[in-house]
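Comments concern the structure below.
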Amino acid sequence: MNRTLVDSTGRQLRLGRELGKGGEGSVFELPDLPKQAAKLYHKPLDLKKQAKLSFMARSSNQELEQFTAWPQTTLHESAGGPVVGFVMPKMSSRAELHMVYGPAHRKKDYPRYGWDFLLFVARNVASCVDVVHRQGHVLGDVNQSSFMAAKDSTVVLIDTDSFQVSANGTLHMCEVGVAYFTPPELQGTTSFKTVPRTQNHDNFGLALLIFHLLFGGRHPYAGVPLTKGAGDALESDIQAMRYAYARDAQRRGIGVPPRSYPIDLLPPSAEALMHAAFTEQGASGQRPTARQWVNALDEIRKSLLRCSKTKTHAYPDHLTTCPWCVMANDPFPDPDIHVGTANLPLFDFEKVWSLIDTLKLTGNFGTLPNHTTYTASGAPARKHGEGNHMLPLGLGVAALFLASFVAGKPWLIFAALVAGILLRSVARGYDGRPEVVKRREAARIAEAEYKAAVAALHSGVGAVAAEFQKRKDHLNQAVKFLRQMPARAADELRKLDGMAREYHLRKHLEQFYIDDVQIRGLGPARKAALQSFGIETAAEVVEADVRQVKGFGGALTQALLDWRASHERSFVFLAHMRPPASEIAKVQQKQNAERAPAEMLLRKGPDVLRGLVSDAQRQHSMLLPRVETAAKLLAQANADLSEAINAMQ
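Using my numbering, read the sequence shown as starting at 576 and increasing by one per residue.
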């Protein structure tokens, strides 16, 4: 643009190309001041507005210029002429907040950023407001277009010329406002030209922006109606303080919309700040200040944990598990998802299984010794008195028999025979049963000890054998699982091929934002309500979901469906379209995650089983001597018993 203006000091400034255009004015480059830009108004300014801008330029300082697009000097067509614009810090490579917190926009423009990035942006939004408040000013019109965020999470305030400032006793009002960012106590105001704003009013809009950033673009007053009148209009819900995430939301007549982030994503202290900002406590002048939010969000920032599964997942440490992993539709997917074990060496599980299958442990380490294994001689069973009186009697009978034979007297022979018979009768009449009883009891005790020794050995070795079999069964199951994996992976990839058209159609529809659609009856408040129910693009426009939002009757819902259908008709599915590589990688990653435990089990399998075989052998070696000793004692006891019984014959 070939135009030259002068600033308040008389310095000439050339205007460069137009950077942007709004309803009130346009922004231009300044070739001679590359770090600054010029805002020129479309229409001449009244004297009061000129005085306001002159005051703001004179009160500019380094802190304001760092955090806001604050007027640094006024611009004039000629020296001393009317104010036609002003010079301000140039804001480049930044986007409006709704481009950051809206999931659809963010996934497209900020795909590598997680919730922690949104937290940092929220903290910096609060810091910008704190700077303005500490210098005694009021923003007045706080909304999603008031701030610009960079990819490093830094934030600046724009449209500062609309701020409410007090200049030399004159209060310059902020004359504009966005209804669904207006606090309850100001709802219904038809014009802000004569309404003084307060920092507490700003704090409502600030809390709302922080809520937008931390809760996926949802509006805190947009929810599921639970009572008559609720949900009719966002403005009336704000006025009635129907905070959908309140602790007493049921009493307020509104519930949390579907697929929302849970309010306990915030630690209790920060959740309490939200409750204060959006309920009666805040309307009475006690909303959290910008500085309180800076401190609270800094505390959350210090507590952040990183998810072990997905690098883009971050969450406060008062939560025990990652909240994003359990959501059906991950709001912060990893764009660089890859197969985590792709570079690991191939594992030949069949070869390992062949080795495992040769390892045996039956629990039988040869025939156990018993009483038949050993030969024992029984101890003699001596009868009491047998060696004292029976021997002389026997000798006497023998002498009598010999004498009668020599003398030739037959009756003596007969007497000797009778004496012999009597002697035998006496000998047979001796009782050896007590010895038998004694030895039978000894044999019983020996047999019991033998059985106990055998049972102990079987128990010790058997427990190891049972564990061996259990481990081997698990290894067998792992092998079967690995053998079935290729078929399962093929099935999942075939399903992805079948979803290719649906996927590419959705990607096509996600290019068309609710923000940009022009439909009669669909104003900013209703668009905000749709976004609070997760409907941001044509892809989310589904009749059942739209009808969940109060205020969307048949005609308006049909208009949205027709808008979606018009974009569906512009979609062409091409034969080469396939599921995205990231989706295929997810299948492979899932397969690898499932395979890893089975492979690890098999890798360790041979050593584990060999260790159990060694354990069984140690148990056998430790317990076998007791069995051997018991078997020998039992053999001896049985031999002793047999000897005693034979002595009775």
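Backbone N, C-alpha and C fix where the C-beta goes; we use that ideal spot for every residue, glycine too.
Everything numeric in this text was worked out from a predicted model, so none of it was measured.
Under the DSSP assignment, K627 falls in the alpha helix (DSSP H) whose first and last residues are L622 to R633.
A Cβ-Cβ distance of about 5 angstroms is found for the pair V1188 and L936, placing them in contact under the 8 angstroms criterion.
Residue pairing by DSSP puts E593 in a beta bridge opposite F603. In this structure the segment 785-793 does not lie against the segment 808-816, because fewer than three pairs of beta carbons, one per stretch, are closer than 8 angstroms. In this structure, E638 lies away from H617, with their beta-carbon atoms at least 8 angstroms apart. Distance from the CA atom of D892 to the CA atom of R698, rounded to whole angstroms, is 18 angstroms. Beyond the five residues adjoining it in sequence on each side, G689 comes within less than 7 angstroms, by CB distance, of T887, H888, A889 and F907 in the same chain, given in chain order.
Pairing S629 with G828, the inter-Cα distance amounts to about 49 angstroms. With contact defined as three or more Cβ pairs closer than 8 angstroms, the segment 861-875 and the segment 704-711 are in contact.
Segment contact: the segment 1057-1068 against the segment 1096-1107, fewer than three CB-CB distances shorter than 8 angstroms; contact not assigned. Burial is judged here by how many other beta carbons sit within 10 angstroms of a residue's own beta carbon; F642 has at least 16 and is buried.
Excluding residues up to 5 positions away in sequence, I931 and L1050 lie with their Cβ nearer than 6 angstroms to the Cβ of G1180 in the same chain.
Rounded to whole angstroms, the separation of the alpha carbons of A852 and E810 is 16 angstroms.
T947 and A1210 have their C-alpha atoms roughly 7 angstroms apart. Boundaries of the alpha helix (DSSP H) harbouring R827: A824 to R827, taken from the DSSP string.
Within the same chain, M663, P664, M666, V731, L732, I733 and T735 come within 7 angstroms of A644 by CB-CB distance, once the 5 residues on both sides are set aside. In the three-state scheme derived from DSSP, where H, G and I count as helix and E and B as strand, A815 is classed as coil. Around the Cβ of H1151, a 10 Å sphere holds fewer than 16 other Cβ atoms; the residue is exposed.
Remark: C-beta atoms of L1198 and G1035 approach each other more closely than 8 angstroms. The closest CA to that of Q1044, considering only P1154, L1184 and Y1078, is found on L1184. From the listed residues A845, T769, P795 and L1057, the smallest Cα separation to G780 is found for P795. Residue pairing by DSSP places Q587 opposite V581 in a beta bridge. Secondary structure at E671: strand, using DSSP grouped into helix, strand and coil.
Between the segment 706-721 and the segment 758-778, the count of Cβ pairs shorter than 8 angstroms is three or higher; the stretches touch.
Taking the Cβ atoms as the reference, A1103 lies roughly 7 angstroms from A797, within the contact range of under 8 angstroms. Remark: C-beta atoms of G591 and L580 do not approach each other more closely than 8 angstroms.
Using a C-beta cut-off of 8 angstroms, the segment 1138-1148 makes contact with the segment 1105-1116, since at least three inter-stretch Cβ pairs fall below that distance. With contacts defined by Cβ atoms closer than 8 angstroms, R1144 and A1075 do not form a contacting pair. Relative to the Cα of D1090, the nearest Cα in the group C749, R1101, K1082 and H1083 belongs to R1101.
Between L672 and L650, the CB-CB gap reaches or exceeds 8 angstroms. With respect to V751, F767 sits close: the two C-beta atoms are nearer than 8 angstroms.
By the Cβ neighbour-count rule, T933 is exposed, with fewer than 16 other Cβ atoms within 10 Å of its own. DSSP lists L732 as the beta-bridge partner residues of F722.
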